[in-house]
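*Asks:* One gets this note's numbering by counting positions in the sequence shown from 1 and adding 80 to each.
For each residue, glycine too, the CB sits at the ideal point set by N, CA and C.
Predicted model only: the values in this text are computed from it and were never measured.
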Amino acid sequence: MRRPGNPRFSGEDIGFRMTASKLTAGALRIWILVIIAVYATAGDGDLVPRATGPSAAVAAASPVTESRQTPPSDEVVNQFLKVRFQEAATAFAEGNYEKSWRICEAILVLAPDTFGSRFEVSKLRRRAHGRFLSRSALVVRFEQDQEDEPLPFPLALLQGSVVLENLSQQKIVFGALGRDPVIGQLFWAVKEVFEDGTERSTSDVRVLRIESGFSVEAGASRAIPVTLPLAVPSRMPVLQQWAVTGVTMPVRIVTADGDFTRGVPWIEETGLEVPKGYDQAVRDPATEMKRALLEGDLTRFAICRYLWLADRLKRGVLATPSHPMVDELLGFLGSHNAILDAQIVMTLERVTGLIRERSARAWKIWGVTRQVRREADAGKD
Numbered sequence: 081m082r083r084p085g086n087p088r089f090s091g092e093d094i095g096f097r098m099t100a101s102k103l104t105a106g107a108l109r110i111w112i113l114v115i116i117a118v119y120a121t122a123g124d125g126d127l128v129p130r131a132t133g134p135s136a137a138v139a140a141a142s143p144v145t146e147s148r149q150t151p152p153s154d155e156v157v158n159q160f161l162k163v164r165f166q167e168a169a170t171a172f173a174e175g176n177y178e179k180s181w182r183i184c185e186a187i188l189v190l191a192p193d194t195f196g197s198r199f200e201v202s203k204l205r206r207r208a209h210g211r212f213l214s215r216s217a218l219v220v221r222f223e224q225d226q227e228d229e230p231l232p233f234p235l236a237l238l239q240g241s242v243v244l245e246n247l248s249q250q251k252i253v254f255g256a257l258g259r260d261p262v263i264g265q266l267f268w269a270v271k272e273v274f275e276d277g278t279e280r281s282t283s284d285v286r287v288l289r290i291e292s293g294f295s296v297e298a299g300a301s302r303a304i305p306v307t308l309p310l311a312v313p314s315r316m317p318v319l320q321q322w323a324v325t326g327v328t329m330p331v332r333i334v335t336a337d338g339d340f341t342r343g344v345p346w347i348e349e350t351g352l353e354v355p356k357g358y359d360q361a362v363r364d365p366a367t368e369m370k371r372a373l374l375e376g377d378l379t380r381f382a383i384c385r386y387l388w389l390a391d392r393l394k395r396g397v398l399a400t401p402s403h404p405m406v407d408e409l410l411g412f413l414g415s416h417n418a419i420l421d422a423q424i425v426m427t428l429e430r431v432t433g434l435i436r437e438r439s440a441r442a443w444k445i446w447g448v449t450r451q452v453r454r455e456a457d458a459g460k461d
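#1: Residue range of the beta strand (DSSP E) that residue 392 falls in?
#2: According to DSSP, simplified to helix, strand and coil, what is residue 407?
#3: What residues are listed by DSSP as bridge partners for residue 433?
#4: For residue 283, which residues of its own chain have a beta-carbon under 8 Å away from its beta-carbon, when the five flanking residues on both sides are left out?
#5: Please say whether residue 402 and residue 305 have beta carbons closer to each other than 7 Å?
#6: Using the Cβ count rule (16 or more neighbours within 10 Å means buried), how would you classify residue 172?
#7: With 16 other CB atoms within 10 Å as the buried threshold, where does residue 316 fall?
#8: What would DSSP say about residue 365, mapped onto helix, strand or coil?
#9: For residue 185, collect the residues of the same chain with a Cβ closer than 7 Å to its Cβ; drop the 5 residues on either side in sequence, then sort them by chain order.
#10: Rounded to whole angstroms, what's the CA-CA distance from residue 179 to residue 399? Just pull it up for me.
#11: I need the straight-line Cα distance from residue 542 to residue 454, nearest angstrom please.
#12: If you draw a straight line from the C-alpha of residue 251 to the C-alpha of residue 346, how long is it?
#13: Give me the Cα-Cα distance between residue 405 and residue 301, rounded to the nearest whole angstrom.
#14: Could you tell me whether the region 194-205 touches the region 155-172, where touching means 3 or more Cβ pairs closer than 8 Å?
#15: Have a look at residue 385 and residue 254 and give me their C-alpha separation to the nearest angstrom.
#16: So what does DSSP say about residue 122, is it helix, strand or coil?
#17: Judging by CA-CA distance, which residue of 264, 276, 248 is the nearest neighbour of residue 287?
#18: According to DSSP, simplified to helix, strand and coil, what is residue 194?
#19: Which partner residues does residue 284 have in the DSSP bridge list?
#20: With distance defined between alpha-carbon atoms, name the residue in 273, 428, 381 nearest to residue 419.
#21: Indicate the three-state DSSP secondary structure (helix, strand or coil) for residue 187 in the structure shown.
#22: Check this for me: beta carbons of residue 245 and residue 219, under 7 Å apart or not?
#23: Given this structure, state the Cα-to-Cα distance separating residue 203 from residue 440, to the nearest angstrom.
#24: Using the beta-carbon count (16 or more within 10 Å), is residue 156 buried or exposed?
#25: Where residue 133 and residue 395 are concerned, what is the direct C-alpha to C-alpha distance, given to the nearest angstrom?
#26: Does residue 187 pass the burial test, meaning 16 or more other C-beta atoms within 10 Å, or should it be called exposed?
#27: Mind reading off the beta-carbon distance from residue 383 to residue 318? Whole number of angstroms is fine, and I expect it under 8 Å.
#28: Considering just the uninterrupted stretch of the alpha helix (DSSP H) at residue 167, what are its terminal residues?
#29: Beta strand (DSSP E) containing residue 223: first to last residue?
#30: Assuming residue 370 and residue 230 form a contact by the criterion Cβ under 8 Å, report the distance between their Cβ atoms to the nearest whole angstrom.
#31: Does the Cβ-Cβ distance between residue 183 and residue 169 come in under 7 Å?
#32: By the DSSP assignment, the beta strand (DSSP E) with residue 301 in it spans what residues?
#33: Using only the alpha-carbon positions, how far apart do residue 351 and residue 224 sit?
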């Protein structure tokens, strides 16, 4: 006897119908996944093969992510900054002092320790900044005499000229004829660095006079020769760093915006003097400091150490025990009969910001403890 028919069901076996439905739905899902995979991989330019599994896909994508985040090398950065420096020099020559100054500021912020033209960039920045800030039509600066042969070190005299440049469209008159006018005051300071890392600073001031009044035509300049005596060093230094600045007496200047009388501050000029054969230490102190460690050159290390730390201070670099130079300094403690140890210890204090016993032994113990702590943290990972 047949079962009564149910309008909601056909005569097919219910188990067969459910299996067919599952197969159809599964095939549809696979087809959708294939379409999604095709669209995900097509046209993205990624040559790294896609993986079928999620874990394998992450592993394949990781190297690409890391390569994109890898910072450029110092060599690439230095080459880029050298081109920017040429742009700053061109802007200065063309009279665009603001552009020149701002480019130099950016270079000094971005430059790594291996950048070898920092001294020249700083010098151009000071000149461009002074020109830009000067609201008057007069620029005053000290200019050291250029000698054919290097002068004996250390310098006993700083010889040069006070240069007055009239940037206005009108003549500028200094003093009055028949009188003994005062141009202004001249300030200079000298810092001496010695082989043991100690320093000494001296300074002096002088009134700058002329025999009679003179004028500087529009667009012209006038140089007044000066010789500045430097303090006799108490012992032989390895570096002399000098700075000269000053201020003029109020002078009457006629410009297109009207007449005004004011004193004009000078653009500060600086210079470095080192013994013969150590010029490269001034150009690239970071690299030359490593060379001094390898060769045990105490003079070179003292020069480079001072310039490198001074540059860090100027750029606002914070002290940190994780700086790469720390491991190199620790590795050279006791080398070359320990002649560099005293300065290495002083450098470690400045770079790390740590205050410890001023002895090589204390820093060696700290270095070993630091390495053990590193290895323990690595083992936890």
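*Replies:* Let me spell this out:
#1: No beta strand (DSSP E) contains residue 392, which is instead part of the alpha helix (DSSP H) from 378-395.
#2: helix
#3: Paired residue(s): none; residue 433 is not in a bridge.
#4: 267, 268, 269, 270
#5: no
#6: buried
#7: exposed
#8: helix
#9: 205
#10: 32 Å
#11: Here the chain covers residues 81 to 461 and nothing more, so residue 542 does not appear.
#12: Going from the Cα of residue 251 to the Cα of residue 346 covers about 19 Å.
#13: 47 Å
#14: Result yes; three or more Cβ-Cβ pairs closer than 8 Å.
#15: The C-alpha of residue 385 lies about 45 Å from the C-alpha of residue 254.
#16: Residue placement at residue 122 cannot be trusted, given a pLDDT of 39 that sits under 50; what the coordinates show is reported in the next sentence. Coil, per DSSP.
#17: Between residue 287 and the set 264, 276, 248, the nearest pair of CA atoms involves 264.
#18: Here DSSP, grouped into helix, strand and coil, assigns residue 194 to coil.
#19: 268
#20: The alpha carbon of residue 419 has as its nearest neighbour, out of 273, 428, 381, the alpha carbon of 381.
#21: helix
#22: yes
#23: 37 Å
#24: exposed
#25: Only weak support is given to the placement of residue 133: the predicted model assigns it a pLDDT of 39, under 50, and the question is left unresolved by the model.
#26: Result: buried.
#27: 5 Å
#28: 154-173
#29: From DSSP, the beta strand (DSSP E) with residue 223 extends over 218-224.
#30: In fact, because the Cβ distance is near 26 Å, the residues do not count as touching under 8 Å.
#31: Not closer than 7 Å, so no.
#32: That run of the beta strand (DSSP E) goes 301-309.
#33: Rounded to whole angstroms, residue 351 and residue 224 show a C-alpha spacing of 9 Å.
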